[in-house]
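Under my numbering, the first residue of the sequence shown carries the number 454, and numbering increases by one thereafter. Glycine residues also receive a C-beta, built at the ideal position from the N, C-alpha and C atoms.
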Amino acid sequence: MIIISIQPLDRQIEPQIKRIHKSELKIGRAPENDIVLEDSSVSQNHAELIQKNNGYNICDLISTNGTLINDQPITPMKKIPLDDGVGFVIGKFLLKVNNNVSAAEGQFDQPRSGLKTIIGDVCTPDFEVSDKNNCYRNLEYVELKKEVRNRLLSIIDLRRLDIKKLSDDELRNQCLKIVQKIIRDKKQTIPAGVEENEFLKDVLDEALGLGPLEDLIDDPSVSEIMVNCRDQIYVEQNGRLSLSPKIFTDDQSVLNIIARIISPIGRRIDESSPMVDARLKDGSRVNAVIPPLALNGPCITIRKFSKNPLSAEDLIKAGSLSRSMIDFIKVGVKVNKNIIISGGTVSGKTTLLNLFSSFIPKDVRLVTIEDAAELQLQMDHLIRLESRPPNIEGKGEIKIRDLVRNALRMRPDRIIVGECRGGEALDMLQAMNTGHDGSMTTAHANTPRDMISRLETMVLMAGEDLPSRAIREQIASAVDIIVQQTRFSCGARKITNITEVIGIEDDRVILQDIFYFKQEGLDADQRTTGKFIATGWIPLLFEEMKQRGLESDMDIFHN
């Protein structure tokens, strides 16, 4: 293990201690380095530190500003021995190799209460060293947890516990007794700062459940969980990202968690198929990527969904849309208008699709089609279809497009596609144009106009040799309303446009905004403020309702 103190020459930057279990490590500005120094004075790949016998060598990798010892630049690509207590300068940073953490802390001119402790190249900036949260990253804690977990799994295997016949509680209780005995036999004390019950829970969670993700999944304030690598877990709370103090013990733990998630739904992940989309029991969306694609180790992204789907009142209260917008969408859904929800990644498209689907009359036969089932629809007459990836032999794949075509033979009144990404857009448009009015889907685009272009591109991905004019006519005829959802930099999610597709003129699809969001600035908490404005345009569907003698509230189109 190499312990390095990093003293920024810029006093506005906090000093750091790094403890890294490598005999050779790279230093530079690029994120793939073992020690990342984020400053323009540091080259992308600046230097290399090599442990040799009882000492260390430093080697400059032909950096722009060089590496200095005693204020003198060293020869590039030559291994230079470091004498005891001698530091080296890289850009605006003074680095020293130490034998222990106490010695490392002593290198700083003025020790600071906010000193960052870094293990395995992961920093916990939001926690004090004395904070209990940092115990989860303590090397002694991690090694003990790993040893006890491995011992537990080997005992389970030796005893051949029939896990399938045991309930979750029964299995956990049996394993708890085993873990307690392992600790007693080892006569090992749990590191200071952590309660015994917390340690036992951590071991059982990682051996039987989802490890450090268990508490994050149960936390209603967490909307997204991002495992970048085994010791770097970020969470999104109220639109803000923060680093969780908890970590996995090793890469194998992350792989085990991925396997537990995907096995029940018949998915697989291995070197030949290193990416997978899946879902948790509560419907939360999961994506996992493993090496060789994931260079830093297995990574997981979990998009959580509320156990109780958000209602219209919830979104109005959160400032995501106005009551007039909801009233208009309700009418559009009830009179069978085809709706596309457009937006960027993590903008809240699926949440809106869930909400809009709740306005569909209960006597309708509805077919939903998804990559990984996540829609939470409360319908009696509902058929849910889910795509399937190829098996280990590369056979058996069922794509979204196959399911859309098959759904047309199932006598649906409406079809909902969780997300259009490719050629299935053509089949969806054809369904909307052939008696399945009131269908809905989502797609990625930044504006309603971009959504039209995106649809055209996706139709071309179907491989059909269709002229652009024919595609645009299909879009103009099929799509009635585009709802644009946007996630702002502050984390706020708002409907920024509700747009009607009027028709086509001179080879161009004509759009008309009905509502839009006017941004006015930021509040005291740096969150986006503004107001929802009706343009005054009366959509064609309200004109149709008026002609048919149906009641309609025209006041929603006036501010």
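Which residues does DSSP list as the beta-bridge partners of residue i?
i: residue 936; result: 794 and 951
i: residue 897; result: 796
i: residue 551; result: 456
i: residue 760; result: Residue 760 is not bridged to any residue.
i: residue 534; result: 510
i: residue 966; result: 952
i: residue 837; result: 821
i: residue 501; result: 479 and 512
i: residue 783; result: Per DSSP, none; premise fails for residue 783.
i: residue 521; result: 526 and 542
i: residue 802; result: Beta-bridge pairing links residue 802 to no other residue.
Determine the burial state of residue i: buried for a count of at least 16 other Cβ atoms within 10 Å of its Cβ, exposed for fewer.
i: residue 974; result: exposed
i: residue 572; result: Any reading at residue 572 must be qualified, since the residue scores a pLDDT of 35, below 50, and its modelled position is unreliable; no value is offered.
i: residue 468; result: buried
i: residue 881; result: buried
i: residue 539; result: exposed
i: residue 916; result: exposed
i: residue 471; result: buried
i: residue 959; result: exposed
i: residue 823; result: buried
i: residue 579; result: Because the pLDDT of residue 579 is 37, which lies under 50, any placement of that residue in the model is unreliable, and the question is left without a value.
i: residue 534; result: exposed
i: residue 937; result: buried
i: residue 774; result: buried
i: residue 849; result: exposed
i: residue 815; result: exposed
i: residue 1002; result: exposed
i: residue 834; result: exposed
i: residue 513; result: buried
i: residue 530; result: exposed
i: residue 979; result: exposed
Using a Cβ cut-off of 9 Å (strictly closer), state whether residue i contacts chain C.
i: residue 924; result: No chain C appears in this structure, which consists of one protein chain only.
Am I right that residue i and residue j are in contact with their C-beta atoms under 8 Å? What's the rounded C-beta distance?
i: residue 876; j: residue 914; result: 5 Å
i: residue 632; j: residue 791; result: Residue 632 to residue 791, Cβ: 56 Å. No contact.
i: residue 421; j: residue 868; result: This structure cannot speak to residue 421, because the chain is shown only from 454 to 1012.
i: residue 813; j: residue 805; result: The pair is not a contact, with the Cβ atoms about 14 Å apart (cut-off 8 Å).
i: residue 907; j: residue 957; result: Not a contact, Cβ separation roughly 17 Å.
Tell me whether the beta-carbon of residue i lies closer than 9 Å to the beta-carbon of residue j.
i: residue 753; j: residue 678; result: yes
i: residue 729; j: residue 711; result: yes
i: residue 544; j: residue 507; result: no
i: residue 935; j: residue 954; result: yes
i: residue 966; j: residue 990; result: yes
i: residue 870; j: residue 895; result: yes
i: residue 691; j: residue 944; result: yes
i: residue 668; j: residue 699; result: yes
i: residue 694; j: residue 685; result: no
i: residue 676; j: residue 756; result: yes
i: residue 457; j: residue 551; result: yes
i: residue 683; j: residue 704; result: yes
i: residue 480; j: residue 501; result: yes
i: residue 742; j: residue 727; result: yes
i: residue 751; j: residue 724; result: no
Alpha helix (DSSP H) segments (min. 4 residues) lying fully within the region 677-731: Taking 4 residues as the shortest admissible run, the region 677-731 contains the following complete alpha helix (DSSP H) segments, listed from N- to C-terminal end: 704-715.
Segments assigned beta strand (DSSP E), at least 3 residues, entirely inside the region 846-886: Qualifying beta strand (DSSP E) stretches, in chain order: 867-870.
Ordered list of beta strand (DSSP E) runs contained in the region 621-664, each at least 3 residues: If we require 3 residues or more, the region 621-664 turns out to have no beta strand (DSSP E) run fully inside it.
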